[in-house]
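*Asks:* This is the structure I have questions about; it appears just below.
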Amino acid sequence: MTATTPKIQIQPIESVAQMKALEKLQQDVWGWDDLDTTPLMNFIILKELGGSLIGAFDGETVVGFAFGFVGWDGGRAGFHSHMLAVHPSYREHGIGLRLKLAQRTAALEKGFAHITWTFDPLQSTNAHLNFHKLGVVSNKYKVNFYGDQSSSPLHRCIGTDRLWVDWFLESRRVVQRVQGKQSDEADLNDVERLVQVRDDGQPVSRPTADLDGKPGVIEIPERIGLLQRENPSAALAWREQTRAAFVDAFAAGYVVDDFLRIDRNEQRVGAYLLCVVSASSASLR
């Protein structure tokens, strides 16, 4: 079996040994130290109390997992997806998508029609999976949600800002996306940019008020990790300008509706499409 053509089985993680393997897998994926790693005992008790722990298996080896648990959100019980991880050598095979779809099934079986989670809005690959393939929406931005730093290289110099996303599992929007019926690629040429990637890779921004209720776009670089390693000041500029844009847009009633990839001037950029929430936006739920 090779990582280039894996035959992956998606199934619940049941044994203590399988859960123990998740400690090392977290470190392989996020690069953090022992203190930042979720330990075995947390997986055991949260699963016992209604959580969901689903693995991607290559033979007997766990190469990815999705971990969610039941909590209390906004005065009612809710299902929150805390972790989605795929070992670096097994990426680009759709394993993350398969894990999320299995998590959706598990949540529906438990009686939940809504899942929440967070992710770093500067991570283009995750944004495309979440919005374009799964159909989540978002109108909440969390500044340094996990503190201003961690032991992970993913948080180097840019902190731990997160978008809080909502996945309405039985909405028409989500049902179409998970059936592979992604929305048509919108023409973003004439949509105003709140943040744009300049030809030199730096961000340039404008006020949300300039949109005047019309759709808008927040662009991000395709590879923020490369900037973190090679140009930390540029990576920090991207965090600061996109943070301001998201916070202002959400305060003005906007919601992130989709995420697209654009090829422009021999560089690829990511583009969040924002629209104003209204009665006509019921399909988002």
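So the sequence shown is residues 65 to 349, counted in our numbering. Glycine is no exception: its CB is placed at the ideal position from the N, C-alpha and C atoms.
1. Consult DSSP for D230 and reduce its assignment to one of helix, strand or coil.
2. Would you mind reading off the limits of the beta strand (DSSP E) that contains R332?
3. Using a Cβ-Cβ cut-off of 7 Å (strictly less than) and excluding sequence neighbours within five positions of L110, which residues of its own chain qualify?
4. Which same chain residues, not among the five before or five after Q260, have their C-beta less than 6 Å away from its C-beta?
5. Out of Q73, F310, W96 and S79, which one is the CA nearest neighbour of L218?
6. Quick check on DSSP: helix, strand or coil for I326?
7. Assign N43 to buried or exposed, taking buried as 16 or more other Cβ atoms, counted over all protein chains shown, within 10 Å of its Cβ.
8. Would you call the CB atoms of I74 and L163 closer than 8 Å?
9. Assuming W94 is part of the beta strand (DSSP E), what are its boundary residues?
10. Per DSSP, what kind of secondary structure is V207 in: helix, strand or coil?
11. Going by DSSP in three states, D184 sits in which element: helix, strand or coil?
12. So W228 and T182 are in contact, right, with Cβ under 8 Å, and what is the actual spacing, rounded?
13. Check for me: the beta strand (DSSP E) holding Q73 runs from which residue to which?
14. Can you list, in chain order, the residues of its chain with a C-beta nearer than 6 Å to that of A67? Leave out the 5 residues immediately preceding and following it.
15. Throw me the rounded Cβ distance for the E294 and R332 pair, which I believe falls under 8 Å.
16. Considering F133, what are the terminal residues of the beta strand (DSSP E) in which it resides?
17. Which value, in whole angstroms, describes the spacing of the CA atoms of F232 and G138?
*Replies:* The structure says:
1. For the purposes of this step, residue 230 is taken as residue 166 along the sequence shown, with counting starting at 1. If DSSP states are grouped into helix, strand and coil, D230 belongs with the strands.
2. Residue mapping note: residue 332 aligns to position 268 of the sequence shown, counting from 1. Q331 to V340 is the span of the beta strand (DSSP E), which, as asked, contains R332.
3. For the purposes of this step, residue 110 is taken as the residue at position 46 of the sequence shown. Taken in chain order, the residues that qualify are F133.
4. Numbered from its first residue, the sequence shown carries residue 260 at position 196. Once the five neighbours on either side are set aside, the close Cβ partners of Q260 are V268 and E283.
5. Taking the first residue of the sequence shown as 1, we reach residue 218 at position 154. Measuring from the Cα of L218, the nearest candidate turns out to be W96.
6. Indexing the sequence shown from 1 puts residue 326 at position 262. Reduced to three states, the DSSP call for I326 is strand.
7. A query on residue 43 cannot be resolved here, the shown segment of the chain reaching from 65 to 349 and no further.
8. In the sequence shown, residue 74 corresponds to position 10, counting from 1. In the sequence shown, residue 163 corresponds to position 99, counting from 1. Taking 8 Å as the cut-off, the beta carbon of I74 is found closer than this to the beta carbon of L163.
9. Translated into the one-based positions of the sequence shown, residue 94 becomes position 30. Where W94 is concerned, there is no enclosing beta strand (DSSP E), although the alpha helix (DSSP H) around it starts and stops at V80 to W94.
10. Counted from its first residue, the sequence shown places residue 207 at position 143. Correct three-state label for V207: coil.
11. Here residue 184 refers to the residue found at position 120 of the sequence shown. Per DSSP, reduced to three states, the secondary structure at D184 is coil, with no helix or strand assignment.
12. Counted from its first residue, the sequence shown places residue 228 at position 164. Counted from its first residue, the sequence shown places residue 182 at position 118. The pair is a contact, with the Cβ atoms about 5 Å apart (cut-off 8 Å).
13. Within the sequence shown, numbered from 1, the residue matching residue 73 stands at position 9. First-last of the beta strand (DSSP E) with Q73: Q73 to P76.
14. In the sequence shown, counting from the first residue as 1, residue 67 sits at position 3. For A67, the predicted model reports a pLDDT of 44, less than 50, meaning its position is unreliable; a value from the coordinates is still stated below. Once the five neighbours on either side are set aside, the close Cβ partners of A67 are S153 and Y154.
15. Your numbering for residue 294 matches position 230 in the sequence shown. Your numbering for residue 332 matches position 268 in the sequence shown. Not a contact, Cβ separation roughly 17 Å.
16. In the sequence shown, the residue the question calls residue 133 occupies position 69. From DSSP, the beta strand (DSSP E) with F133 extends over T125 to D137.
17. Your numbering for residue 232 matches position 168 in the sequence shown. Your numbering for residue 138 matches position 74 in the sequence shown. In this structure, the straight-line span from the alpha carbon of F232 to that of G138 is close to 16 Å.
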